[in-house]
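The next block holds one structure in the form of structure tokens; read it before the comments.
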Amino acid sequence: MNRRDLLKTALAGTALGAFGPAFRADAATGILWMTWENLAKDDYLAPFLAANDIALTKTFIGTDDEQFAKLRAGGADSVDLITPGLDKVEYYTASDLLQPIDFARVPNAAKLYDTFKQTPLGKVDGQTYGIPFYWGINPIVYRADLMEAEPDWSVFFEGDAYNGKLAMRDYALEGIMIAAMYLGIPESEMFTMDDRQLAEVKKVLKIQKSKLRTYWNSIGDLTNLFATGEVVCAFSWVPPYYELRAKGIDMGMAKPKQGVIGWCDTIAVPKGVEGARLDAAFALVDYLLGPDYGKMLAVGGPYAQSTSAARDHLTEEQQDKIFIKDLSVMDSFVWKQNPPRYGDWVALWNEVKAS
Amino acid sequence: MRPQSAGTWLALPVVAALGALCLAPLAILFAYSFFSVDFVTISHDPSLKNYARILQSETYRGLIARAFGSGLLVAAITAVIGYPVAWFLAKRAGAAKTMLLTLLLVPLYSGDLLRIFAWRVLLGAEGAINRSLIWLGAIDAPLQGLLFSPLATHIALTYNYLPFMVIGLWLAFESLDDAWLEAAADLGAPGRDRFRRVTLPLTAPGLIAGGLMVFVMVVGDYLTPQLLGGASGVTVISAINDLFGTAFDWPLGSAIAWTMLAILMLCFGAGAVLIRRSSLVAEGA
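Residue numbers (the numbering used here), protein chains in the order written: chain A, 60 to 414; chain B, -1 to 283.
Structure, rendered in structure tokens:
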């Protein structure tokens, strides 16, 4: 090979290298999924992307509200899939931002647990706009080495043994739900509380505030507070329990008898998505409800899918970890809903914090 | 085309971009502050309802007052600490001046979160201060009030914004001609009078400019109170955040934001008048 041939070969190789990805991207259908970072790990999605000619772009959200604000502010045109909470789908449907789920294109939806098939949340006139995707509970997590007994919700309202060692999530919906459960207000009335009930809630929340070390905003921050012993007990998410146990700290997780807050996120398709992008979006929805993804989510999360697709592929220990070993546990859950007077709830929450 | 006219035309795109990027969002926010919301539907019928709600709400009035109170307190503390530091940098540091100024700015390169977590390490129950006090025998149990308290918030705010006060004051001291002080001394003015009648008036523009800068940044800071203030760390900014995000009450959030902006503009106006007056005093001197 002479010098001219060598240069030609090098140039051709460079050109192919530069344009190769562009050609591939043109061939694939590109879709954008707005979701939580922990749901869209590369290894979770690798089998789907390998089997389909789809180019997936992920954009991550920090809160459900942020996701709604982005879509409401005009971002719906560029997004093909979103991940709203089951209680928040109502916001999107009221704003006319979503299209109904076409169940014919999502065969794995047939395996939804009965709770999710029957829930009225995420539906309008019998049509599903947000299909339940994954779920879990928000329990009390505590330092078992620093507490004498397993706590329940009363630890945040009574006694002074743990004053200044407790933490509560800075979130009006859950904070007020917990106070309502402590006061014995039934689930049927919880989300439509009248002024008298809200006044009672406010009174006990002020007592709660006097016992708190802090309100937490990020789960990583709460994990640090547990690890350093600044906080011994908190209304929490599940991850600090497993993370700190893995580091040798004796952690406990309590599911109070007064009720446990259950949460569920859905997957929904914005209204303007159509054609090949819609096909690709529904293919991804079906994969997310299927066994491969469900198993990886259960092991890596650990979170439970809303379908039974992966259940038989998991060990009993893995099932127990994500609360699907005994599904009757769902009966004690209080699922989050969107209160009609949510503006008043937020105002009350701010009044308590500012008191 | 005259050079002056060419300059105007060249500046026009920049001014237009500034108008679009800075003023237009504020104008939209202002318009929203007169609207109302019903669930997720924003009604565009204008009214003063949101401003009335702010006036009637003890919570929002209290949070606004607390924000401005914090701003004033931290501006005052940074002025007391920053004044001698700036004097030393301008008049005594000599060849070490550049190095000391760089050192002063180094913490700003580390980012807000890092500085906040550094304070947690220092002030926490298992932190360096508590451990040292226990080791010295000064206390038996960790002082819980050091962290997650208004004290922790204001210590961190002072630390975060002190450089901005020092820079403003340092510039004022740099332009202070020592001949004025020598003349005052020659005329028999004692040290206290030289400070009160010469140094302070001539450095007042720097003091006011630095103070305004610190004040504005403290009023707008919600991360530090949230992460160090504990259960009492709520701020008017976090309340606005709740209204825009969680409650979808953009109109009320906009009204609170504009109330804050209006008060800040009044403060800036007062500051500008004070700077002008002190400049006139300096010119007169």
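Where is the CB? At the ideal position from N, CA and C, for every residue including glycine. Because the structure is a prediction, the values reported are computed rather than measured.
Check, Outcome
"Nearest to residue 104 of chain A (by Cα), restricted to the options A:309, A:315, A:359", "A:359"
"Under 9 Å between C-beta atoms of residue 51 of chain A and residue 274 of chain A", "Chain A is shown only over 60 to 414; residue 51 of chain A falls outside these bounds and no answer can be derived."
"Test item: CB-CB of residue 328 of chain A and residue 113 of chain A under 9 Å", "no"
"8 Å contact criterion, which residue 127 of chain B and residue 121 of chain B should meet: CB distance rounded", "6 Å"
"Three or more C-beta pairs below 8 Å linking the region 249 to 267 of chain A and the region 182 to 192 of chain A", "no"
"Residue-level contact to chain B via CB, residue 268 of chain A, 9 Å cutoff", "yes"
"Which listed residue (A:371, A:374, A:351, A:380) has its alpha carbon closest to that of residue 361 of chain A", "A:380"
"DSSP bridge partner residues for residue 89 of chain A (one or two, in chain order)", "A:114"
"Span separating the alpha-carbon of residue 336 of chain A from that of residue 160 of chain A", "14 Å"
"Cα-Cα separation, residue 318 of chain A to residue 311 of chain A", "17 Å"
"Segment contact, 8 Å Cβ cut-off, at least three pairs: the region 241 to 257 of chain B with the region 98 to 109 of chain B", "no"
"C-alpha distance - residue 323 of chain A paired with residue 19 of chain B, whole-angstrom precision", "38 Å"
"Proximal chain A residues relative to residue 196 of chain B, where beta-carbon distance stays under 9 Å", "Within chain A, no residue comes near residue 196 of chain B; the closest Cβ sits about 45 Å away, beyond 9 Å."
"DSSP three-state assignment for residue 363 of chain A, whether helix, strand or coil", "strand"
"Local Cβ density within 10 Å of residue 236 of chain A, reported as buried at 16 or more and exposed below that", "buried"
"Separation of residue 207 of chain B from residue 315 of chain A, as counted between CA atoms", "55 Å"
"Supposed contact pair residue 122 of chain A and residue 91 of chain A - C-beta distance, whole angstroms, cut 8 Å", "Not a contact, Cβ separation roughly 19 Å."
"Cβ-based neighbour list, residue 289 of chain A, same chain, cut-off 7 Å, excluding 5 preceding and 5 following", "272"
"Continuous beta strand (DSSP E) assignments of at least 3 residues falling wholly in the region 251 to 328 of chain A", "271 to 275, 292 to 294, 310 to 313, 319 to 326"
"Neighbouring residues, chain A, relative to residue 237 of chain B (Cβ below 7 Å)", "409"
"Neighbour flag for residue 242 of chain A against chain B, beta carbons, 9 Å", "no"
"Environment of residue 152 of chain B [buried if 16+ CB atoms lie within 10 Å]", "buried"
"Run of the beta strand (DSSP E) containing residue 201 of chain A, from where it starts to where it stops", "199 to 202"
"Residue 94 of chain B: first and last residue of the uninterrupted beta strand (DSSP E) it sits in", "Where residue 94 of chain B is concerned, there is no enclosing beta strand (DSSP E), given that its DSSP letter is neither H nor E."
"Inter-residue spacing [alpha-carbon to alpha-carbon] between residue 264 of chain B and residue 99 of chain A", "48 Å"
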